[in-house]
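Undergrad: Structure incoming, see below.
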Amino acid sequence: MAADDPFGTAGLRARVLRAWTESPARFREDANTEEDHALGGYRDRVVVELAQNAADASARAGVPGRLRFVLRGGELTAANTGAPLDAAGVEALSTLRASAKRDTSDSVGRFGVGFAAVAAVSDRPSIVSADGGVRWSAAESRALVAAIPALAGELERRAGQVPVLRLPFPIAADGVPDGFATEVRLPLRDEAAREAVAGQLAAVGPALLLALPALDAVEIDVDGSSRTVVLDASAWRTVAAHGTIPPELLADRPVEERSRATWSVRWALPVDGVLPEGTASVLHAPTPSDEPVGLPALLIGTFPLNPDRRRVAPGPLARFLADRAADAYVELLRELAGDPAVLDLVPGPVASGEVDAAIRHAVRERLPDVPLLPGGLRGRDTTVIDGPGPLLDLLGGDVVPNLLPSSWPVRHRALTALGVHRAEIADVVDALAALDREPAWWHGLYEALAGVPADALGALPVPLATGRLVRGPRGLLVATGAAPPGADVLDLRFVDPAAAHPLLLRLGAVEAGPREVLTSAPVRRAVAESFDADDPGAVAEAVLGLVAAARLDPGEEDWLADLALDGADGDLYPAGELLFPDSPLRTIMADDAPFGVVADDLLARFGAEALAACGVLAGFALVRAEDAELGDATFDLDREEDWADDVLDLVGPGMPPLVPEFLAVRDLELVADWDAALGLLAAPPWRAAVTEPLRVVHEGRRVEVPSYTAWWLRRHPVLDGRRPGGFRAPGADPLLAGLYDPAPSGLDPELLRALGVRTSLAALLDEPGGAAELLDRLADPSRPVDRTVLGALWTELARVPGLDVDPPERVRAIVDGAVEVVDAGDALVLDRPDLLPLLTGQPLLIPAPGDAAALADALDLPLAGDEVAGEIGSAGERRPVPDAARAVLPDAPASYVAHDPLVVDGRAVPWWAGDGEPHASGPEGLARALAWLTGRWPDRLLVAAVLRDPGDLATLLAEADLEDR
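Quick note, our numbering runs 58 ahead of the 1-based positions in the sequence shown.
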């Protein structure tokens, strides 16, 4: 070789030009291939490819690799240490896919096309070394091609575009920076090329040195601003693996690649867990590819690549290396075993590409069997509970074996990938019942569970004061003080005081003072079953002690009346059937009443207040209830259903009424001495049950109805051996005199009214069945009724709205002025006074004018006017009505018919108005006819006086005025 051309570039050019001349298609192929590399796969890789060549040079020379990039104005230079440029290297740089490194196993470049990346940014690249230099030029190459006639057509079709890197030219070896063996010089094509190179330089970081371990440092100088990239080994955790590729996996690979039968993979994880900014999450093979790897570590491996070195070539070798990468990644995770940070490195199921998916799948398959968790546990052998830290601390160890400790993030998604078993708190709680722990330990457990939803804790074990462990806090008692005596007798389940915690109350336990203990289910059950208890006395003592401590009022807890207590006769009685020794009921009740007297020792030990609260009676027992629905509630009262039916009739149809507050006196049917009983009922607290009406809510309205107690008393002979409704109260309506006897003395008016003692005719008629009762009493001849009272009674009865009674068999009537009780079939209702002369000896019911028709209809009796023919048998003379009469009755007709005598139905009568016209046989008759027809019947006597002596008209009218006043 010539001294001025140490690398034989002239021979290279001659061979290439000869080949192109002989085969223009070869020229076109080389041009297209270089263009594909420059504009396609290597368009943005000039800095990486130069670094890769520098790393190979350092490796071949066995010296520390150092690379310096300098970007000044429109030129990029790259100086590197290592083996200098030689003829084989120049030939490789000027050919396509014919690398000079094929026999070097530790080189990075493998295809001989990486240098093509410089064509993406420069038309005049050059390389200088100590022994010489080489350059390439698009312009000079174009001139050489243009001189070949066979290529003229191709050059024209390509618009002058020629391969740059196929025709090298020699240059002098000058200007290599001190300390470096080789320098690449790239005059940049334009500003866009400069911006591209500057961007690539800015992206250079430690990841490049990890991928190219032959390089120790990369110096970067951009327009005087410099930085040096070195690898801080302490900042990275790495795991590497290598081996020999099975021959069968290379069968489908290119021939030159088959000579490299070794593989290697390396994972690099930043110690702080975060890849440096700008580091792409891609496969480095060894320089960055476009193959995404979404794991949080950097993967560097000898994966087979497509010719553009951007994506992994699919096939058996790629799958083999994905498995080896997964093995290495698992080893990387092993280095973090026992550290919660390892969870962040566990890959999820969603991949970014095929290679990423293959690696993830292989890693996730291996992880359940890898001991990454505390204590060297494998994921499949570990349990995790999503609960608060203190809870996990308590449950660790022998409570829940292999439990992931609280220092680990129990909700981390990676735990599922590791095969960790997730246990629900409810399942763990259920298993706690087998534990034997001190009460204080359980208290700590409850404190740890305080924030857990209640639905997971229903079966939570709870230690009792008796030493037992029971499932579920609901219904347990948490004592506010010392547990009461007799708790064992009553089967009271008190929580051990050392275990008590507010959580138990939230889960249904009851904070139990004496009242809460008393009303608990076990005590209620003990009371209900006290007669069958092994020791009823012990049950009674325990319950009475609770009652005394709770300071209950009588009747407040009415179920206590079922408590079995000793009577003075030695027998057992329900508390509600025992009387105090001084109770007036002892003499009031019938001899066969089921009452005993409470034993003296119980009274002495527990006192009257506690016994009364249990239902022992000083007087009548009271039944109380709130918001009871009438018809559903059963108060165990005599004739309760009959009372409810009467109330329902009163309030009308619709939904059953609601009783907000119910109060009634019990055991009335057992009374023998009613005089004494009424005296007792007249006093509090029983009086209200008698005198106050019951208020019910029906269809949105409030209605007052008789209380049960008043209803019952009204229907029984409690007053002087008779029903109270048979008496009239002092000062009662005079119309009731004779019909009702005076009430016995000694009871106050309010109580008498509540008992139903009669006070007025209006109240009687307003009461259901009152009208029928009045008719019955009127038909009783033993009851005296004045004539003046009788008419008022018939009148008021006729005026009852919608009166509906059974027709009476006998009625009280006026017969020729006398009051008699007659058969109803013989009686008439007088509807006109002009009929009286024709009804001699006829029993008559005489109401006020205008009420006859209503009375007759209600009693199914005929009107007198319908039974009398009323035929006038005398001739009369029409005469004017005297002015004196018209002065009293301005509405009187102008004339009347005068008769002498007036005969109707064969009898002489003083007047007649049956045909609507006045007929009269004298002034007395005329006065009555005119008063009746004008509706002024009370003025008939005044009119008669005026007609007798018209001269006294003024005086008589003045006297009438005085009467009006």
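For glycine and all other residues, C-beta sits at the position ideal for the given N, C-alpha and C.
(1) Going by C-alpha distance, which of Arg392, Arg103 and Val186 is nearest leucine 143?
(2) Alpha carbons only, please: which of His300, Glu214, Leu356 and Leu97 is nearest the one belonging to alanine 269?
(3) Looking only at its chain, what residues have a beta carbon closer than 6 Å to the beta carbon of tryptophan 466, apart from the 5 residues adjacent to it on each side?
(4) Excluding sequence positions up to five away, which residues of its chain have a Cβ less than 6 Å from the Cβ of alanine 498?
(5) Touching or not, the stretch 515-529 and the stretch 545-553, by the rule of three or more beta carbon pairs under 8 Å?
(6) Return the first residue and the last residue of the beta strand (DSSP E) that threonine 302 is part of.
(7) Checking the sheet assignment: what are the DSSP bridge partners for methionine 647?
(8) Taking the alpha carbon of aspartate 909 as the reference point, which residue from Pro901, Leu921, Val148 and Arg469 has its own alpha carbon closest?
(9) Could you pull out every residue in the same chain whose Cβ sits closer than 7 Å to the Cβ of glutamate 975, ignoring the five residues on either side in sequence?
(10) Might you give, ordered along the chain, the residues of its own chain that have their beta carbon closer than 8 Å to the beta carbon of valine 510, omitting 5 neighbours on each side?
(11) Nearest-angstrom Cα distance between leucine 1014 and glycine 923?
(12) In the structure shown, what three-state DSSP assignment does tyrosine 504 receive?
(13) To the nearest angstrom, how far is it from the Cα of glycine 433 to the Cα of valine 105?
(14) Do asparagine 138 and threonine 240 count as a contact pair if the criterion is CB distance below 8 Å?
(15) Do you know how far the Cα of leucine 777 is from the Cα of arginine 841?
(16) If you draw a straight line from the C-alpha of proline 711 to the C-alpha of glutamate 757, how long is it?
(17) Does the stretch 410-423 touch the stretch 453-472, meaning 3 or more C-beta pairs lie closer than 8 Å?
(18) Just mark glycine 1070 as buried or exposed, buried being the case when its beta carbon has 16 or more other beta carbons within 10 Å.
(19) Counting only the same chain and skipping the five closest in sequence on each side, list residues whose C-beta sits under 6 Å from that of arginine 392.
(20) Please report how far the alpha carbon of alanine 679 lies from the alpha carbon of serine 641, in whole angstroms.
(21) Got a sec, what are the start and stop residues for the alpha helix (DSSP H) serine 30 sits in?
(22) Output the distance between the C-alpha atoms of lysine 159 and leucine 273, rounded to the nearest integer angstrom.
(23) When the Cα atoms are used, what is the spatial distance from alanine 987 to alanine 942?
(24) What number of angstroms, rounded off, separates the C-alpha of leucine 490 from the C-alpha of valine 585?
(25) So, does the stretch 616-635 touch the stretch 644-656, judging by three or more C-beta pairs under 8 Å?
(26) Proline 64 lies in the alpha helix (DSSP H); which residues open and close that run?
(27) Determine which residues share a DSSP beta bridge with isoleucine 1059 and list them.
(28) Given leucine 289, which residues of its chain have a CB within under 6 Å of its CB, disregarding the five upstream and five downstream residues?
(29) DSSP state of asparagine 90, grouped into three classes?
(30) Checking the sheet assignment: what are the DSSP bridge partners for tryptophan 325?
(31) Between valine 863 and leucine 833, how many whole angstroms is the CB-CB distance? I'm expecting something under 8 Å.
(32) May I ask which residues mark the beginning and end of the beta strand (DSSP E) holding threonine 240?
(33) Can you say whether valine 329 is buried or exposed, counting buried as having 16 or more other CB atoms within 10 angstroms of its CB?
(34) Between threonine 360 and serine 317, how many whole angstroms is the CB-CB distance? I'm expecting something under 8 Å.
(35) In three-state terms, what does DSSP make of histidine 977?
(36) Return yes when the Cβ of leucine 134 is within less than 8 Å of the Cβ of leucine 244, no when it is not.
TA: According to the structure shown:
(1) One-based indexing of the sequence shown puts residue 143 at position 85. In this structure, Val186 is the residue among Arg392, Arg103 and Val186 with its C-alpha nearest to the C-alpha of leucine 143.
(2) Taking the first residue of the sequence shown as 1, we reach residue 269 at position 211. Closest by alpha carbon: Leu356.
(3) As a position in the sequence shown, residue 466 is number 408, starting the count at 1. Excluding residues within five positions, the ones whose Cβ falls inside 6 Å are Pro398.
(4) Position 440 of the sequence shown holds residue 498. Excluding sequence neighbours, alanine 498 sits near Ala556.
(5) Result yes; three or more Cβ-Cβ pairs closer than 8 Å.
(6) Locating residue 302 in the sequence shown gives position 244, counting from the first residue. Segment 294-302, the beta strand (DSSP E) holding threonine 302.
(7) Start at 1 with the first residue of the sequence shown, and residue 647 comes out as number 589. Partner(s): Val729.
(8) Taking the sequence shown and counting its residues from 1, one reaches residue 909 at position 851. Of the candidates Pro901, Leu921, Val148 and Arg469, the one whose C-alpha sits nearest the C-alpha of aspartate 909 is Leu921.
(9) Locating residue 975 in the sequence shown gives position 917, where the first residue counts as 1. Within the same chain, glutamate 975 has close Cβ partners Val955.
(10) Here residue 510 refers to the residue found at position 452 when the sequence shown is read from its first residue. Cβ within range, chain order: Gly445, Pro446, Leu449 and Ile483.
(11) The residue you call residue 1014 lines up with position 956 of the sequence shown. The residue you call residue 923 lines up with position 865 of the sequence shown. If you take the alpha carbons of leucine 1014 and glycine 923, they lie about 33 Å apart.
(12) By 1-based counting over the sequence shown, the position of residue 504 is 446. Tyrosine 504 falls in the helix class under three-state DSSP.
(13) Walking along the sequence shown from the start, residue 433 turns up at place 375. Walking along the sequence shown from the start, residue 105 turns up at place 47. Going from the Cα of glycine 433 to the Cα of valine 105 covers about 47 Å.
(14) Translated into positions along the sequence shown, residue 240 becomes position 182. Translated into positions along the sequence shown, residue 138 becomes position 80. Yes, they are a contact pair.
(15) Here residue 841 refers to the residue found at position 783 of the sequence shown. Here residue 777 refers to the residue found at position 719 of the sequence shown. One C-alpha to the other measures close to 20 Å.
(16) Looking up residue 711 in the sequence shown gives position 653. Looking up residue 757 in the sequence shown gives position 699. Counting only the Cα atoms, glutamate 757 lies some 9 Å from proline 711.
(17) no
(18) Not covered by the structure: residue 1070. The range shown for the chain is 59 to 1023.
(19) Numbered from its first residue, the sequence shown carries residue 392 at position 334. Correct list: empty, nothing qualifies.
(20) Your numbering for residue 679 matches position 621 in the sequence shown. Your numbering for residue 641 matches position 583 in the sequence shown. Going from the Cα of alanine 679 to the Cα of serine 641 covers about 12 Å.
(21) Outside the displayed span of the chain (59 to 1023) sits residue 30, for which this structure offers no information.
(22) Stepping through the sequence shown from its first residue, residue 159 is reached at position 101. Stepping through the sequence shown from its first residue, residue 273 is reached at position 215. In this predicted model, lysine 159 has a pLDDT of only 49, less than 50, meaning its place in the structure is not dependable; the value taken from the coordinates is given anyway. Near 17 Å, if we compare the C-alpha coordinates of leucine 273 and lysine 159.
(23) The count along the sequence shown starts at 1 and reaches residue 987 at position 929. The count along the sequence shown starts at 1 and reaches residue 942 at position 884. Those two C-alpha atoms are separated by around 15 Å.
(24) Locating residue 490 in the sequence shown gives position 432, counting from the first residue. Locating residue 585 in the sequence shown gives position 527, counting from the first residue. Computed Cα separation, rounded: 34 Å.
(25) Counting Cβ pairs under 8 Å, three or more are found: they touch.
(26) Indexing the sequence shown from 1 puts residue 64 at position 6. It is not in any alpha helix (DSSP H) - proline 64 carries neither H nor E in the DSSP assignment.
(27) Because the chain in this structure spans residues 59 to 1023, residue 1059 falls outside the shown range and cannot be described.
(28) Here residue 289 is taken as the residue at index 231 of the sequence shown, counted from 1. Pro264 and Leu267, listed in sequence order.
(29) Sequence index remark: in the sequence shown, residue 90 carries index 32 (1-based). If DSSP states are grouped into helix, strand and coil, asparagine 90 belongs with the helices.
(30) For the purposes of this step, residue 325 is taken as residue 267 along the sequence shown, with counting starting at 1. Answer by DSSP bridge pairing, in chain order: Val297 and Leu357.
(31) Here residue 863 refers to the residue found at position 805 when the sequence shown is read from its first residue. Here residue 833 refers to the residue found at position 775 when the sequence shown is read from its first residue. 6 Å between Cβ atoms; contact.
(32) Locating residue 240 in the sequence shown gives position 182, where the first residue counts as 1. Boundaries of the beta strand (DSSP E) around threonine 240: 240-245.
(33) Numbered from 1 along the sequence shown, position 271 holds the residue referred to as residue 329. The residue is exposed, with fewer than 16 neighbouring Cβ atoms inside 10 Å.
(34) Within the sequence shown, residue 360 is the residue found at index 302, counting from 1. Within the sequence shown, residue 317 is the residue found at index 259, counting from 1. So it is not a contact: roughly 13 Å between Cβ atoms.
(35) As a first step, residue 977 is located in the sequence shown; it is residue number 919 there, counting from the start. DSSP, reduced to helix, strand and coil, places histidine 977 within a strand of the structure shown.
(36) Residue mapping note: residue 244 aligns to position 186 of the sequence shown, counting from 1. Residue mapping note: residue 134 aligns to position 76 of the sequence shown, counting from 1. Contact: yes.
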